[in-house]
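Peer 1: Next up is a structure, given as C-alpha cells.
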Amino acid sequence: VDVLLGKWDEARGVGEIAILDDRPFDAGDRRLLLQSIALTMHEREKKELEAAELRRLLLQAFKGMTPDEAAARRAVDRFLTVVEERTGLLAARGEGVYAFSHLTFQEYLAALAVAARDDYVEYVLKHSGEAWWREVILLTAGYLSTLSKEKTTRLVQAIAEKRKEPAPYYNLVLASECIRDVGGNRLTEDIAAVINSRLQTEINRKLPFGLSNKNRVAAIQALSATKVGDKIYWSMPYGEPEWITIPASEFWVGGEGEYDGKPVHKLYLPEYQIARVPVTNAQYALFVKTASYQAPGHFEEGRPPKGRESHPVVNVSWDDALAYCAWLGGVTGKQIALPSEAEWEKAARGDKDKRAYPWGDEFDASKCNTSELGLKDTTPVGIFLEGASPYGLLDMSGNVWEWMRTIWDDKFKYPYKIEDGRENLQPGPARVVRGGSFDDGARLARCAYRGGGSPHFRLRCRGFRVVVHSPGFLSRP
C-alpha cells in the first residue's frame with residue numbers, strides 16, 4: 077500500500093493534479109481517507125461500493141477539509157482520477173462500481189483504521205467471532221506490534237479472555253494466531269503459556285472410550301497454533317531431536333493379535349537412543365534447505381505450510397527418511413538411523429510387561445491421535461503428554477505411521493533375529509511401519525501391530541523418527 081501510494085508522489089510534476097484548491101493533500105491525508113473508505117466497506121461486508129455511495133463518502137470527507145462545497149466536489153473528481161490512474165489501489169469495476177484492486181488492500185487499510193481508534197480493543201472484540209473480520213484483526217495486531225507492546229498485549233489478552241465465541245476455543249485460536257504473527261517478544265506477558273495450559277487441560281481430560289468430543293478436537297487445533305515455534309521439538313542445533321536413552325535390557329516383543337509378531341518372546345537389546353517424537357516439518361525443512369533435497373509435496377517453496385512447522389513430516393518415502401538420517405549423521409557426527417522394529421517396540425512398550433499401548437493395556441482416545449479422535453489430520457508432535465511410553469516417548473500410538481529400518485517379508489518370522497538379514501539396507505524390499513496414524517483405529521495403534529509398504533511410497537499419514545545406534549549395530553548384516 078505504501079509503495080502504491082508512493083507512486084503518487086513519484087508522478088508529481090507530470091501532469092500534476094492538485095486535489096484541494098486551497099491546501100496541500102499529502103500522503104497522510106491520502107492514507108487516512110482510504111482507511112476510512114476501507115473500514116466503511118468492511119463494516120458493510122462489501123468488496124465493492126457503488127460509485128454514487130463512494131462519491132458521497134468522499135464528499136463528506138472533503139467537506140471537512142474545505143468550507144467550499146464546490147471545491148469539495150472538484151476534489152472528489154480529482155481524487156478518483158488520481159488514485160485510480162497513479163496508484164491502482166482503488167479502481168472502477170464495470171459501470172458504476174468501485175473496489176480495491178485486492179481484498180488484502182481493503183483489509184490492511186481497514187486494520188490501520190481500527191488500530192487508530194481509541195476503542196480499538198472493544199471494536200475488535202465486537203467483531204472477533206466473525207470470519208469476515210479475521211484477517212483484519214490479525215493485521216491490526218500485527219500493525220500495533222510495530223507501535224507498542226502494551227497495546228498489542230492488551231488486544232491479544234482481551235481476545236483470549238473473551239468468553240462468548242461461535243465455536244469452542246475460537247477466541248483462543250484467534251489469539252494464538254495473533255501471537256504467531258507478531259511474535260512472543262512483541263508482548264509484555266507470556267499469554268501463549270496461559271493459553272497452552274488451558275488447552276492442555278482439555279486435551280488431557282479422560283473420556284469414556286468411543287465418546288466423540290468436539291471440544292477436545294477444537295483444543296487440539298488451537299494448540300496447533302500456539303505450539304508453532306516450540307523449540308524443544310524442532311529448532312535444536314542442526315535440527316537434532318531430543319534424545320531418550322533406552323537402557324540395555326530384555327523386553328517382551330510381539331503380541332497375540334492379527335498382524336502382531338508371533339510368538340511373543342523376550343529379546344535383549346543393547347543401549348541406544350531414540351528421538352522423543354517423530355521428525356517435524358521444520359526439522360525436515362532444514363534438511364531440504366541445507367542438503368538441496370527434494371521437498372515433500374505439501375511444502376511450498378521448500379517450506380512447510382505456515383502453522384504446521386511442529387507437525388510430523390509426512391509424504392516422505394523410506395528412501396527419503398534414509399537420506400535424512402545420512403544428512404543428520406553427517407552434521408552431528410552420530411550414527412543416525414531409522415529404528416529397527418524391535419527398537420521401536422521396546423521404546424513404545426518398555427521392558428516390564430506386555431502392555432498393548434504405550435500407557436497400558438486399555439485403549440484411551442484422549443491419549444493419542446487416532447481415528448477415534450475424529451480430527452482426520454496430524455497434530456503437532458508431543459501434544460498427547462498422557463500417552464507417553466514408560467521411557468517418556470510421545471506419539472508412539474497414532475498421529476503418523478513410522479518407517480522402520482526392518483524389511484517387511486514373510487520369510488522374516490518371529491522370534492526376531494537381528495542377524496538374519498531383516499535389517500539390511502539393500503534397496504527394493506518393502507519396509508515395516510509401526511504405530512498407526514490419525515486415519516486408523518485403536519487396533520492398529522497397539523505396540524505390537526506390524527504394517528508394511530513399498531519404500532517408494534509417499535503418504536500423508538506416514539513419517540518417521542530416528543535413533544542413534546552403536547557402531548556395532550550398524551556394522552551387522
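Quick note: the sequence shown uses the numbering used here, first residue 77, plus one each step.
No residue lacks a Cβ here, since even glycine has one placed at the ideal position from N, Cα and C.
None of these values were measured; they are calculated from a predicted model.
1) Is Asn500 close to chain C, meaning its C-beta is less than 7 angstroms from at least one C-beta of that chain?
2) Take Leu215 as the anchor and find which of Ala151, Glu183, Ile235 and Thr277 has the nearest alpha-carbon.
3) For the beta strand (DSSP E) that Ser221 lies in, which residues bound it at each end?
4) If I measure Cβ to Cβ from Ile95 and keep anything under 6 angstroms in the same chain, skipping five residues before and after, which residues do I get?
5) Taking the alpha-carbon positions, what's the Thr321 to Ser465 distance?
6) I need the boundaries of the alpha helix (DSSP H) containing His203, first residue and last residue.
7) Is it a yes or a no for the stretch 434 to 453 touching the stretch 248 to 266, going by three-plus beta-carbon pairs under 8 angstroms?
8) Using C-beta distances below 7 angstroms, list every residue in its chain close to Gly82, excluding the 5 sequence neighbours before and after it, in chain order.
9) When the distance is taken between beta carbons, is Pro388 closer than 7 angstroms to Thr446?
10) Whose CA, out of Glu316, His341, Arg379 and Gly337, lies closest to the CA of Trp328?
11) Does DSSP put Glu241 in a helix, a strand or coil?
12) Over what stretch of residues does the beta strand (DSSP E) that includes Gln349 continue unbroken?
13) Using a 10 Å radius around the Cβ and a threshold of 16 neighbouring Cβ atoms, would you call Gln370 buried or exposed?
14) How is the alpha helix (DSSP H) around Gly406 delimited, first residue to last?
15) Give the straight-line distance between the Cα atoms of Ala367 and Glu316, rounded to the nearest whole angstrom.
16) Quick one: what does DSSP say His178 is sitting in, helix, strand or coil?
17) For the pair the stretch 255 to 264 and the stretch 218 to 227, tell me if three or more CB-CB distances fall below 8 angstroms.
18) Does DSSP put Val457 in a helix, in a strand, or in coil?
19) For Ser252, which of helix, strand or coil comes out of DSSP?
20) Which partner residues of Ile494 appear in the DSSP bridge assignment?
21) Mind reading off the beta-carbon distance from Ala192 to Ser112? Whole number of angstroms is fine, and I expect it under 8 angstroms.
22) Looking at the structure shown, is Ala413 part of a helix, part of a strand, or coil, going by DSSP?
23) What is the DSSP secondary structure of Asn43, reduced to helix, strand or coil?
24) Is the distance from the Cβ of Ala148 to the Cβ of Thr142 below 7 angstroms?
25) In the stretch 498 to 534, which residue ranges form an unbroken beta strand (DSSP E) of at least 3 residues, counting only runs that do not cross its ends?
26) Short of 6 angstroms in beta carbon distance, which residues of its chain neighbour Lys139, apart from the five on each side in sequence? Order them along the chain.
27) Check each candidate in Gly406, Trp420 and Arg498 and name the one with the smallest Cα separation from Met472.
28) Identify whether Lys139 lies in helix, strand or coil by the three-state DSSP scheme.
29) Arg541: buried (16+ other C-beta within 10 angstroms of its C-beta) or exposed?
30) Would you kindly work out how many angstroms separate the C-alpha atoms of Thr408 and Cys401, rounded to a whole number?
31) With a threshold of 16 other CB atoms inside 10 Å of the CB of Ser530, please say whether the residue is buried or exposed.
32) In three-state terms, what does DSSP make of Asp387?
33) Assuming Gly511 and Glu462 are in contact, meaning their beta carbons sit under 8 angstroms apart, how far apart are those beta carbons, in whole angstroms?
34) Round the Cβ separation of Leu110 and Leu166 to the nearest angstrom and send it over; I've been treating them as touching at under 8 angstroms.
35) To which residues of the same chain is Val509 closer than 7 angstroms at the C-beta, ignoring the five residues directly before and after it?
Peer 2: The short version:
1) Annotation note: the requested chain C is absent from the structure, which comprises a single protein chain.
2) As a first step, residue 215 is located in the sequence shown; it is residue number 139 there, counting from the start. With distances taken between Cα atoms, Leu215 lies closest to Glu183.
3) If you number the sequence shown from 1, residue 221 lands on position 145. From DSSP, Ser221 is part of no beta strand (DSSP E) but of the alpha helix (DSSP H) over Arg210 to Ser221.
4) As a first step, residue 95 is located in the sequence shown; it is residue number 19 there, counting from the start. Within the same chain, Ile95 has close Cβ partners Phe101, Ala151, Arg154 and Phe155.
5) In the sequence shown, residue 321 corresponds to position 245, counting from 1. In the sequence shown, residue 465 corresponds to position 389, counting from 1. If you take the alpha carbons of Thr321 and Ser465, they lie about 13 angstroms apart.
6) Taking the sequence shown and counting its residues from 1, one reaches residue 203 at position 127. Taken as a continuous stretch (DSSP letters only), the alpha helix (DSSP H) holding His203 covers Tyr196 to His203.
7) no
8) As a first step, residue 82 must be located in the sequence shown, where it is residue number 6. Residue confidence for Gly82 is low, a pLDDT of 49 falling below 50, so the modelled location carries little weight and cannot support an answer.
9) By one-based count along the sequence shown, residue 446 stands at place 370. By one-based count along the sequence shown, residue 388 stands at place 312. Cβ distance not < 7 angstroms, so Thr446 and Pro388 don't count as in contact.
10) Within the sequence shown, the letter at position 252 stands for residue 328. Cα-wise, what sits closest to Trp328 is His341.
11) Within the sequence shown, residue 241 is the residue found at index 165, counting from 1. Correct three-state label for Glu241: coil.
12) In the sequence shown, the residue the question calls residue 349 occupies position 273. Here the beta strand (DSSP E) through Gln349 covers Tyr348 to Ala351.
13) Counting from 1 along the sequence shown, the entry for residue 370 is found at position 294. The residue is exposed, with fewer than 16 neighbouring Cβ atoms inside 10 Å.
14) As a working note, residue 406 is residue 330 in the sequence shown. Unbroken alpha helix (DSSP H) run through Gly406: Trp394 to Thr408.
15) Working through the sequence shown from its first residue, we reach residue 367 at position 291. Working through the sequence shown from its first residue, we reach residue 316 at position 240. Spanning the two alpha carbons is a distance of roughly 15 angstroms.
16) Residue numbering aside, residue 178 sits at position 102 when the sequence shown is read from its first letter. In the structure shown, His178 sits in coil (DSSP, three-state: anything other than H, G, I, E or B).
17) yes
18) Residue 457 sits at position 381 when you count from the first residue of the sequence shown. In this structure, Val457 counts as coil in the three-state DSSP scheme.
19) Mapped onto the sequence shown, residue 252 falls at position 176. Helix, per DSSP.
20) Taking the sequence shown and counting its residues from 1, one reaches residue 494 at position 418. None, per the DSSP bridge assignment.
21) Walking along the sequence shown from the start, residue 192 turns up at place 116. Walking along the sequence shown from the start, residue 112 turns up at place 36. With 8 angstroms as the limit, Ala192 and Ser112 do not qualify as a contact, their Cβ atoms being about 10 angstroms apart.
22) Within the sequence shown, the letter at position 337 stands for residue 413. The answer is strand: DSSP assigns Ala413 an E or B state.
23) This structure leaves residue 43 out entirely; the chain is present only between 77 and 553.
24) Indexing the sequence shown from 1 puts residue 148 at position 72. Indexing the sequence shown from 1 puts residue 142 at position 66. Yes, these two residues count as a Cβ contact at 7 angstroms.
25) 507 to 510 and 527 to 529
26) For the purposes of this step, residue 139 is taken as the residue at position 63 of the sequence shown. Ala148, listed in sequence order.
27) The count along the sequence shown starts at 1 and reaches residue 472 at position 396. For Met472, the nearest C-alpha among the options comes from Trp420.
28) Counting from one through the sequence shown, the residue named residue 139 turns up at place 63. Note: Lys139 maps to helix in three-state DSSP.
29) Here residue 541 corresponds to residue number 465 of the sequence shown, with the count starting at 1. The residue is buried, with at least 16 neighbouring Cβ atoms inside 10 Å.
30) In the sequence shown, the residue the question calls residue 408 occupies position 332. In the sequence shown, the residue the question calls residue 401 occupies position 325. Straight-line Cα distance between these residues: approximately 10 angstroms.
31) As a first step, residue 530 must be located in the sequence shown, where it is residue number 454. The residue in question, Ser530, is exposed, as its Cβ has fewer than 16 Cβ neighbours within 10 Å.
32) Here residue 387 refers to the residue found at position 311 of the sequence shown. For the sequence presented, residue 387 should be read as His rather than Asp. The answer is coil: DSSP assigns His387 none of H, G, I, E or B.
33) One-based indexing of the sequence shown puts residue 511 at position 435. One-based indexing of the sequence shown puts residue 462 at position 386. In fact, because the Cβ distance is near 17 angstroms, the residues do not count as touching under 8 angstroms.
34) In the sequence shown, the residue the question calls residue 110 occupies position 34. In the sequence shown, the residue the question calls residue 166 occupies position 90. Between Leu166 and Leu110 the Cβ distance is about 7 angstroms, and since that is below 8 angstroms, they are a contact.
35) Taking the sequence shown and counting its residues from 1, one reaches residue 509 at position 433. Within the same chain, Val509 has close Cβ partners Trp477, Glu478, Trp479, Met480, Gly527, Gly528, Gly529 and Arg538.
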